[in-house]
Amino acid sequence: MVKTQPQSTFDPPRDDLAVHIQHLNYFFGAGDLSKQVLFDISLDLPKGQIVILTGPSGSGKTTLLTLAGALRRLQDGSLRVLGKELVGLGDRALVNVRRNIGFIFQAHNLFESLTASQNVEMAVELTGNFSSKQDQAVAMLSALGLADRVDYKPQSLSGGQKQRVAIARALVNHPQLILADEPTAALDKKSGRDVVTYLHNLSRQEGCTVLMVTHDNRILDVADRIINLVDGRLESDSTPNAFVHSKTQEAIAEVSADMFIM
Amino acid sequence: MKFTNGAQELTYGRLQDYLSGSLFKSTMRASDDQPSFDLVYQDTTLIELQVLPWDTHPYPDIEMAIVRASSCVAIGCHPELDLLRFLLDENRKIRFGSFQTDDAGTVFFANRILGGEHMDPTELEVCLLSVGAIATRYSDIIIDKFDGQRALNSALPSKL
Amino acid sequence: MIKRIPLAWLNLTHDRRRFATSLAGVGFAVLLMFMFNGFMNALYDSQLQLLNRFNGEIIIVNRLRTNMFVPRAFARRRLYQARAFDGVQDAYAMYISEVNWKNPETRKSRGVRVIAINPDEPVLNIPEIETYQQLLKLPETALMDTKSRVEVGPVEPGIISELADRRIRLVGTFTMGTDFASGNGNLLMSDQNFLRYFADRGPEEDKRSFATVDIGVVKLEPGTNVERMVNVLRENLPNDVLVMARDGDNGFVIRERNYWQENTNIGFVFSLLTSMGFFVGIILVYQILYTDVADHWAEYATLKAMGYKNGYLLGVVMQEAMIISVLGFIPGVLVSQLLYTAAGNATGLFFQMTPERIVNLLIATFIMCLVSGAIAVRKVQTTDPADVF
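Residue numbers (this note's numbering), protein chains in the order written: chain P, 1 to 262; chain L, 1001 to 1160; chain R, 2001 to 2389.
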């Protein structure tokens, strides 16, 4: 049983990181049945980065994702999400943090009794925007190509469309952090690519951070960074597109040959 | 496409990534069988970008590659001696890259940078811009001064 | 006005068939409660039917008459004494007994209640007495209660049969209703006839004569204070009689009702049965709510993951409980009303659906649904949404 480190031993909060994990340990169960699933995880996710989390089944990827999504209580280590420390928070406070995160699950989990628009509106209602909720929902669904399906119930939608509704629901409040658990698992190649392209564009345009758990090799190219988790430990952390992204994004002025002649 | 070593392949991939997002993205063309690209600078100047493996280098444990950017400036210039003197003189003033000639008397302007793991993207971009800018400027000067012509497949006056 | 999406309503009604079944279930529990409660009240109310027809504000009985049908008499003199007081308009005599009536068709004997009064005196609020006033004065005549049970046989005027082995002729009918102390029926006759038949009813009952009275009904002058009169009579009449107001908290009606409640198992049995109906209802509603929660567990957990508080889910479950309780109550009441009428016709007992009883059972239905809702909700609150994922 690892001793909990006091908060003072962790690095101070940083503004540029969407997710800041330090020496995180996580256990399932309690007492004799306690099983450790995450071992000393430390991870920095800068804002605006698209990160893919891969690894074999049972490696703890989904657990890490749910922890980052404030879905579980944490005791050991430091996990800061959008500036808020989650370790030690009670249920009430965790609920509040969840409202700033968009979580895309593997299953769409839509209410059969609500239309696509209503399902998305459920998310908007959390913010209190009752007067604009329908407009926001319809706009979000349109952005994902579902403009003509807003009043359909899930039973009249295909698997791919249902997943897109779920994604609309997760994104309608423009969260700064998007967590996705196998978002393309239930989708065909085109739908999957569309979804991932949408997330990529969203991240670039709005600067939101995306952390995605996936096995799907077809979409790995969209990531800035690929993190591999094996048996609860960080195995590798590569940045396939780092070359391009490490280039300073300076504007290029009108180039003249005089610049290159002394 | 066959690559000689891993560094060449890595460099090729990174060049492709860079070019797809750069100001050259609409004019770039990749070769089917060779690790090289063609791109157009400011609608007028064709730049050839090649990835060359570097087999003998100072670091025995790693692989390395070289990126060469070159542009054809003029052909058929004379008198040769004056031309060569001029070119060598100008080389001294030019910050990055140098003028080169081949057996046929074609004048190029080229620059090379280190590829592979340690290639720097800003350096790559500066390399491309300098090749483009110098080739564009000096093409007219040299053709004028030394009675040359524009090279085939280069210096197309209209937009591609 | 745009408001929250009514998730509770939409979830409940989405599956039409399941919604209908849920309402039927609640309606059934409501029906059970109404029927058992109804039986209990019918039994009590039936006992009071006769009592409620007394034309008087004060009742005098032998102190040993613990319930209205105990065969104890008191001296008629007491009535004369009562009449003497200011405020008393009149004091009437009434006789009552259980006797055997022979069914003219089957020739089988059944017990019926016989009530006897002076046809000239307005003792009971039964209009037929006035109609048949002259006929009742003839010997060996009586009126039969049309609400008597079928076993009593035909009840038209003109029927001749035997009462306590003596000839009797029905000259008319009236309506009152049976009770369980004398389940079969009521006969009404004049006091003179009564004494001819029943002066001596054997060792079990007090001997009767004109000098004795079974029940005294005292009518007061209009505007007289009943309580004051009761006290006056109590102070001035000897202790062998009990003087009580008919109505009111300490009145005869309540006393009679309490007697039946405390001295029989009716209250216990039917309250138990009603409670069982209540618990059946709780289980049914819990089952319905739990099924909804369990079937949509992933969706609800997703709401929690989105940032909805536990309180919201509690609200949804409670709203569902309320909706099915109210909507299930309505068919339950309507069917109960029909069954009350049918049961009343079959048993002759007095089944009454008062607004007060409806409200009471509506409250019970609410509580039933709130309790099941609370239990169903605990399941929602204690589970970690993350475990779903």
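Heads up, the beta-carbon is just placed ideally off N, CA and C, and yes, glycines get one too.
Going along the region 129-157 of chain P in order, which residues come within less than 7 Å of chain R, judged by CB to CB distance? From the region 129-157 of chain P, only F130, S131 have a Cβ closer than 7 Å to chain R.
Rank R:Y2197, R:I2126, R:A2142, R:E2262 by C-alpha distance to the C-alpha of A2164 (chain R) and give the top, closest one. Cα-wise, what sits closest to A2164 (chain R) is R:Y2197.
Output yes if chain P places a C-beta closer than 9 Å to the C-beta of Y2308 (chain R); else output no. Closer than 9 Å to some Cβ of chain P, the Cβ of Y2308 (chain R) qualifies, so yes.
Which residues in chain P have a C-beta closer than 9 Å to the C-beta of R1095 (chain L)? List them in chain order. Going along chain P in sequence order, the residues near R1095 (chain L) (Cβ under 9 Å) are M259, F260, I261, M262.
Opposing strand residues paired with N228 (chain P) [DSSP bridges]: BP columns for N228 (chain P) point to P:T54, P:S236.
At the level of alpha carbons, what is the spacing between L1088 (chain L) and G1115 (chain L)? For L1088 (chain L) and G1115 (chain L), the distance between alpha carbons rounds to 26 Å.
Thinking R2065 (chain R) and R2072 (chain R) are a contact (beta carbons under 8 Å), I'd like their distance in whole angstroms, please. By a beta-carbon distance limit of 8 Å, R2065 (chain R) contacts R2072 (chain R). Their separation comes to about 4 Å.
Look at the Cβ atom of F2278 (chain R), then the Cβ atom of M2033 (chain R), and state whether they are nearer than 9 Å. The answer is yes: Cβ separation under 9 Å.
Sub-9 Å separation of F28 (chain P) and L71 (chain P) beta-carbons: For F28 (chain P) and L71 (chain P), no; Cβs fall outside 9 Å.
Rounded separation between I261 (chain P) and K1093 (chain L) - CA only: Rounded to whole angstroms, I261 (chain P) and K1093 (chain L) show a C-alpha spacing of 6 Å.
Through-space distance from A18 (chain P) to P183 (chain P), alpha-carbon basis: If you take the alpha carbons of P183 (chain P) and A18 (chain P), they lie about 20 Å apart.
So is F105 (chain P) in contact with chain R if we call contact Cβ pairs under 9 Å? Cβ-Cβ to chain R under 9 Å: yes for F105 (chain P).
Starting from F2278 (chain R), trace the alpha helix (DSSP H) in both directions and tell me its first and last residue. Where F2278 (chain R) is concerned, the enclosing alpha helix (DSSP H) stretches over 2266-2295.
State buried or exposed for G60 (chain P), treating a residue as buried only when at least 16 other CB atoms are found within 10 Å of its CB. Burial state of G60 (chain P) is buried, judged by a 10 Å Cβ sphere holding 16 or more other Cβ atoms.
Would K2219 (chain R) and D2090 (chain R) qualify as a contact pair, given that the criterion is a beta-carbon distance under 9 Å? It is a contact, given that the beta carbons lie within the stated cut-off.
To the nearest angstrom, report how far apart E85 (chain P) and R92 (chain P) are at their CA atoms. Each residue's alpha carbon lies about 14 Å from the other.
Rounding to the nearest angstrom, what Cα-Cα distance links G2027 (chain R) and F2019 (chain R) in this structure? Approximately 12 Å between the Cα atoms of the pair.
Along the chain, where does the beta strand (DSSP E) containing F2174 (chain R) start, and where does it finish? Looking at the DSSP string, the run of the beta strand (DSSP E) that includes F2174 (chain R) is 2166-2174.
Can you say whether T9 (chain P) is buried or exposed, counting buried as having 16 or more other CB atoms within 10 angstroms of its CB? By the 10 Å Cβ count, T9 (chain P) comes out exposed.
C-alpha gap between L211 (chain P) and T1045 (chain L), whole angstroms: If I take the Cα positions, the gap works out to 42 Å.
Does chain L have any CB closer than 9 Å to the CB of S256 (chain P)? For S256 (chain P), the answer is yes, since a Cβ of chain L falls inside 9 Å of its Cβ.
Contacts that I1134 (chain L) makes with chain P (C-beta to C-beta distance below 8 Å): Here the neighbours are A257, F260, I261.
Which full runs of the alpha helix (DSSP H) of 4+ residues lie inside the region 126-170 of chain P, going along the chain? Correct list: 133-143.
Roughly how many angstroms separate the alpha carbons of I1142 (chain L) and L1083 (chain L), rounded to a whole number? Near 8 Å, if we compare the C-alpha coordinates of L1083 (chain L) and I1142 (chain L).
Alpha-carbon spacing of V2285 (chain R) relative to L202 (chain P), whole angstroms: Spanning the alpha carbons of V2285 (chain R) and L202 (chain P) requires a straight line of approximately 46 Å.
Which chain R residues sit within Cβ distance under 8 Å of F111 (chain P)? Under the 8 Å cutoff, chain R gives L2007, L2010, N2011, H2296, E2299.
Buried or exposed: where does G207 (chain P) fall if 16 or more other Cβ atoms within 10 Å of its Cβ makes it buried? By the neighbour-count criterion, in which a residue is buried when 16 or more other Cβ atoms sit within 10 angstroms of its Cβ, G207 (chain P) is exposed.
Return the chain-ordered list of same chain residues with a C-beta closer than 8 Å to the C-beta of L74 (chain P), the five sequence neighbours on each side being excluded. Taken in chain order, the residues that qualify are L24, Y26, L67, L86, V87, G88, L89.
DSSP on D40 (chain P), reduced to helix/strand/coil? Strand at D40 (chain P).
Within-9 Å CB hit, D224 (chain P) to chain L: Chain L places no beta carbon closer than 9 Å to that of D224 (chain P), leaving this residue out of the contacts.
Roughly how many angstroms lie between the CA atoms of F105 (chain P) and Q2337 (chain R), to the nearest whole one? If I take the Cα positions, the gap works out to 52 Å.
So if I threshold CB-CB distances at 7 Å, which residues from the region 1027-1054 of chain L count as touching chain P? Taking 7 Å as the upper bound on Cβ-Cβ separation, chain P lies near no residue of the region 1027-1054 of chain L.
To which residues does DSSP link K35 (chain P) through a beta bridge? DSSP lists P:F28 as partners of K35 (chain P).
Where G77 (chain P) sits in the DSSP three-state scheme: The three-state reading of DSSP puts G77 (chain P) in strand, counting E and B together.
Where the region 2249-2262 of chain R meets chain P: residues whose CB sits under 9 Å from a CB there: Close to chain P, meaning a Cβ-Cβ distance shorter than 9 Å, is no residue of the region 2249-2262 of chain R at all.
Strictly under 9 Å for the Cβ-Cβ distance: is C1137 (chain L) near chain P by that measure? Note that residue 1137 (chain L) corresponds to Arg in the displayed sequence, not to Cys. Against chain P, the CB of R1137 (chain L) has a partner CB under 9 Å away; the residue lies at that interface.
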